[in-house]
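Worksheet: one structure, shown below.
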Amino acid sequence: MVHKVLNILNFFGFDPRIALQNIQGLGWYYRDLKKVKQQLSQRNDFEIKTFRPILLDKTSEGGTLSGHYFHQDLFVAKQIFKNNPTKHVDIGSRTDGFVAHVASFREIEVFDIRPLVSTVGNIRFVQADFMEPNPALKDYTDSISCLHAIEHFGLGRYNDPIDVEGHLKGLNNIYNVLQKNGRFYFSTPIGPQRIEFNAHRVFSLSYLLSLFSANYTVENFSYVDDKGNMHEHVQLTEELIASNCGCTYGCGIFELVKK
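Read in our numbering, the sequence shown has 1563 at position 148, and its numbers run on one by one without any break.
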C-alpha cells in the first residue's frame, strides 16, 4: 500500500522522500549561509543576489556507477571498440549515454522514431519507425545495437503506434538490416514476463532465448541485477534462465551473431 501511494504521489510530481530530505537539509543550509555572509562582509567582489537551495548533494555520492544504463552503455561501447565494425547503426538507444560513448571514437548512425536535431560530429541521425519494414536497409550494416529500447515498441509512450507485437516487428526489422555474421548488441529489462503499461515490457530470459535461437548465436550474455550491479560474461544455465538470473527488474545484455 505504501508503494502504491508513493507511486501515485510521484505521478503528480511529488516525492515525499525527497521532500523530507530537503526539510532535513534546511538546518545545515542556514548554518552555511550564515558563514558565507560573515566571510563576504570582509570583501566587496561578490554579493548574494539569489537564494537557490540545493539540499541533496551534500550527503550524496560523487556520481552513480551502477544501474542499467550506466553499465550497458559503457560495456557495449567497449565491445564495439574492440570489434571495430565497418559500420555501426543504433536503434533508439540513449543519445546522452551510449551513443555519446561510441561517437567519442567512431561514427555512429542513429535511427529513432522521435525527432532529434543534432550537429554533433560522428553522429548521423535518421528519424524512422523501426516497427515498419524498410527494404532499402536490407543487409545494411555489419553491426547494430538496440539498448533498453525494444521494450517500448508499440506501447505508445514515445508517440509510436499501439501494437502489441511491436517488439517482434522491431526485432525482425533489425534482423533484416544486419548482414550475415554481423553483431547485434541488445539489452532489455528481464524478470517475470509482463507489461507495465505504458512504461515498458519486461521479458523472461526463456522467451528472449526462444526468439533468438533460430537466427542468432549468443556469443556473450551479461546482466545488471536488481541492485544495479553488473555481472559480465555469464554462462547461462537452466537454473539461471528459469530464475531470470534472480531478477525482478534487471537488464539482460546480449551480444548476438547473426547466423
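The beta-carbon is built from N, C-alpha and C at its ideal position, and this holds for glycine as well. In this text, all values refer to a predicted model and were calculated from it rather than measured experimentally.
| said: Can you look up GLY1536 in the DSSP assignment and give me helix, strand or coil? | reply: coil
| field | Helix, strand or coil at VAL1579 according to DSSP, with G and I counted as helix | value | coil
| request: Grab the span of the beta strand (DSSP E) containing PRO1604 for me, first residue to last. | output: 1593 to 1605
| message | On the DSSP letters alone, give me the boundaries of the alpha helix (DSSP H) that VAL1649 sits inside. | response | Neither: VAL1649 is in no alpha helix (DSSP H) and is coded neither H nor E.
| query | Pick from THR1534, GLU1522, GLU1566, VAL1504: whose alpha carbon is nearest that of ALA1543? | reply | VAL1504
| field | Any beta strand (DSSP E) of 3 or more consecutive residues that is wholly inside the segment 1619 to 1645 | value | 1631 to 1639
| request: Using the Cα positions of ASP1430 and ARG1572, report the straight-line distance between them to the nearest angstrom. | output: 22 Å
| message | So, under 8 Å CB-CB, PHE1540 and LEU1531 are touching, yes? Tell me the CB distance rounded to an integer number of Å. | response | 5 Å
| query | Alpha carbon to alpha carbon, how far is LYS1553 from PRO1468? | reply | 54 Å
| request: Use the C-beta contact count for PHE1513: other C-beta atoms within 10 angstroms, 16 or more gives buried, fewer gives exposed. | output: buried
| request: For HIS1646, collect the residues of the same chain with a Cβ closer than 8 Å to its Cβ; drop the 5 residues on either side in sequence, then sort them by chain order. | output: SER1637, TYR1638, VAL1639, ASP1640, CYS1660
| Residue from THR1501, HIS1483, PHE1526 whose Cα sits closest to the Cα of GLN1594 | THR1501
| Buried/exposed call for ILE1605, threshold 16 Cβ in 10 Å | buried
| Three-state secondary structure (DSSP) of LYS1673 | strand
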